[in-house]
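Residue numbers (the numbering used here), protein chains in the order written: chain F, 693 to 804; chain R, -8 to 106.
For every residue, glycine included, the Cβ atom is placed at its ideal position computed from N, Cα and C.
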Amino acid sequence: DAKTTQPPSMDCAEGRAANLPCNHSTISGNEYVYWYRQIHSQGPQYIIHGLKNNETNEMASLIITEDRKSSTLILPHATLRDTAVYYCIVRVDQGGSEKLVFGKGMKLTVNP
Amino acid sequence: NAGVTQTPKFQVLKTGQSMTLQCAQDMNHNSMYWYRQDPGMGLRLIYYSASEGTTDKGEVPNGYNVSRLNKREFSLRLESAAPSQTSVYFCASKRTSGVGVLAQYFGPGTRLLVL
């Protein structure tokens, strides 16, 4: 699976949009971009994923560049409960044999 | 719908003791996974089961064994615990076909301390 690069940390003011970047310059054509987050001491939580097109769900939006070498997760109105470590992962959907590779992720702190 | 459940939530062992971590999911998922997470680190895959009746090694399998008891349950056994196995253990499950998101869903974790 392609390697991803995220900044180690980021701060955001409550109520503002949080834009979390991820570089994945070696991504292959059949690899998806997935985002998970881990709130302190809890299990990771799936947020969103995409292949080429931008995606939106009730939690967030995912913007993938046209060359697919980078992406941005957008939390439109960050709240204190969004403070967490965010993981950007690229992987091929391989049914049950996938091996998710979690790096160190990026710590987002939402400030009052 | 409880999702993925894990027992126990917390355990203290002495070096050399054995124990089994239990995981169950009620989402009818085919695949199940065991990860460990050490302080300040990302998750590392220990073992996974792509489907009922199959298991495979992940990145850090040494010192562990697993059993896929049925479609719902996937247990992780430490035969002779070592201090290096002090960690937080997460179980996850995933649907592998059909409509919708094929993402892994995680349990709340088991915190293990080996003295």
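Helix, strand or coil at residue i according to DSSP, with G and I counted as helix
| i | result |
| --- | --- |
| residue 75 of chain R | helix |
| residue 68 of chain R | strand |
| residue 774 of chain F | helix |
| residue 792 of chain F | coil |
| residue 737 of chain F | strand |
| residue 4 of chain R | strand |
| residue 93 of chain R | coil |
| residue 48 of chain R | strand |
| residue 85 of chain R | strand |
| residue 33 of chain R | coil |
| residue 713 of chain F | strand |
| residue 749 of chain F | coil |
| residue 719 of chain F | coil |
| residue 767 of chain F | strand |
| residue 800 of chain F | strand |
| residue 59 of chain R | strand |
| residue 22 of chain R | strand |
9 Å Cβ cutoff met for residue i and residue j
| i | j | result |
| --- | --- | --- |
| residue 782 of chain F | residue 697 of chain F | no |
| residue 43 of chain R | residue 59 of chain R | yes |
| residue 800 of chain F | residue 766 of chain F | no |
| residue 725 of chain F | residue 754 of chain F | yes |
| residue 735 of chain F | residue 97 of chain R | yes |
| residue 802 of chain F | residue 705 of chain F | yes |
| residue 51 of chain R | residue 69 of chain R | no |
| residue 72 of chain R | residue 10 of chain R | yes |
| residue 797 of chain F | residue 49 of chain R | no |
Of the residues the options, the one placed nearest residue i, counting alpha carbons only
| i | options | result |
| --- | --- | --- |
| residue 716 of chain F | F:764, F:707, F:748 | F:764 |
| residue 780 of chain F | F:769, F:794, F:771 | F:794 |
| residue 740 of chain F | R:98, R:93, R:49 | R:93 |
| residue 12 of chain R | R:40, R:30, R:-6, R:56 | R:56 |
| residue 75 of chain R | R:6, R:46, R:-7 | R:6 |
| residue 743 of chain F | F:796, F:784, F:700 | F:784 |
| residue 730 of chain F | F:757, F:747, F:774 | F:774 |
| residue 41 of chain R | R:65, R:79, R:-3, R:-6 | R:65 |
| residue -4 of chain R | R:77, R:53, R:63 | R:63 |
| residue 61 of chain R | R:-7, R:15, R:-6, R:8 | R:15 |
| residue 769 of chain F | F:707, F:699, F:702, F:701 | F:707 |
| residue 758 of chain F | F:737, F:738, F:733, F:745 | F:745 |
| residue 38 of chain R | R:79, R:30, R:47, R:31 | R:47 |
| residue 747 of chain F | F:797, F:701, F:796, F:727 | F:727 |
| residue 772 of chain F | F:733, F:804, F:703, F:702 | F:804 |
> Is the segment -2 to 11 of chain R close to the segment 98 to 105 of chain R, with three or more CB pairs under 8 Å?
Replying inline: Contact between the segment -2 to 11 of chain R and the segment 98 to 105 of chain R is established, with three or more Cβ pairs separated by less than 8 Å.
> Touch check for the segment 751 to 766 of chain F and the segment 709 to 726 of chain F: three-plus C-beta pairs under 8 Å?
Replying inline: Proximity of the segment 751 to 766 of chain F to the segment 709 to 726 of chain F meets the contact definition, three or more beta-carbon pairs being nearer than 8 Å.
> Using Cβ-Cβ distances below 8 Å, what residues of the segment -1 to 15 of chain R are close to chain F?
Replying inline: Listed by position, the residues of the segment -1 to 15 of chain R near chain F (Cβ gap below 8 Å) amount to none.
>> Count Cβ pairs between the segment 11 to 31 of chain R and the segment 64 to 84 of chain R that sit closer than 8 Å; are there 3 or more?
In response: Yes, the segment 11 to 31 of chain R is in contact with the segment 64 to 84 of chain R.
> Any residues in the segment 72 to 84 of chain R with a beta carbon nearer than 7 Å to a beta carbon of chain F? Which ones, in chain order?
Replying inline: Listed by position along the chain: 81.
> According to a CB-to-CB cut-off of less than 9 Å, which residues of the segment 33 to 47 of chain R neighbour chain F?
Replying inline: So the close ones are 33, 34, 35, 36, 39, 40, 41, 42, 45, 47.
> Any residues in the segment 734 to 745 of chain F with a beta carbon nearer than 8 Å to a beta carbon of chain R? Which ones, in chain order?
Replying inline: Listed by position along the chain: 734, 735, 736, 737, 738, 741.
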